[in-house]
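Quick notes on the structure that follows.
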Amino acid sequence: MGDVFNAIGRPHWRVDAIGKTTGKAVFAADLSAPGMLWGKVLLARRPHARIISIDTTRARALPGVHAVLTAHDLAFDRVFGVVIRNQTVLAIDKVRYYGDGVA
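To convert, take the position in the sequence shown, counting from 1, and add 285; that gives my numbering.
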């Protein structure tokens with residue numbers, strides 16, 4: 286535990302520094318696989334609003350669209366949080382901020 290407090294105020298070497306500064310680091314967005322699907326999140330355009338309904342019919346009919354998901358389509362726990370479980374994967378019943386994920 287003593288080493289933790291000796292670290293304050295001293296420079297530290299980041300293990301990912303060289304890869305990021307040279308452009309050689311590989312990020313998730315850089316990866317691809319055969320048959321891979323890409324996702325896009327529709328973000329709320331209102332800072333605070335109730336979601337009365339979401340009609341996904343037109344989005345599902347677009348060429349190349351394989352699926353359209355809302356919070357009600359998710360089979361797993363839709364709420365998460367690092368300290369307090371108070372953040373939703375996609376907005377459930379209302380958006381709480383401009384840019385909240387809706388579908």
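Think of the CB as a built atom: it goes at the ideal place given N, C-alpha and C, for glycine as much as any other residue.
Being a predicted model, the structure only gives us computed values, none of them experimental.
Residue 309 - containing alpha helix (DSSP H), residue span: Counting along the chain, residue 309 falls outside any alpha helix (DSSP H), and DSSP gives it neither H nor E.
Buried or exposed by the 16-neighbour rule on C-beta atoms within 10 Å, applied to residue 272: Coverage of the chain is limited to positions 286 through 388, which leaves residue 272 absent and any answer about it impossible.
Status (buried if at least 16 other CB within 10 Å, exposed otherwise) for residue 385: buried
Residue 380 burial status per 10 Å Cβ neighbour count (16 or more: buried): buried
Residue 295 versus residue 320 - alpha carbon distance: 47 Å
Contact under 8 Å by Cβ, residue 387 with residue 302: no
Residue 346: first and last residue of the uninterrupted alpha helix (DSSP H) it sits in: 342-346
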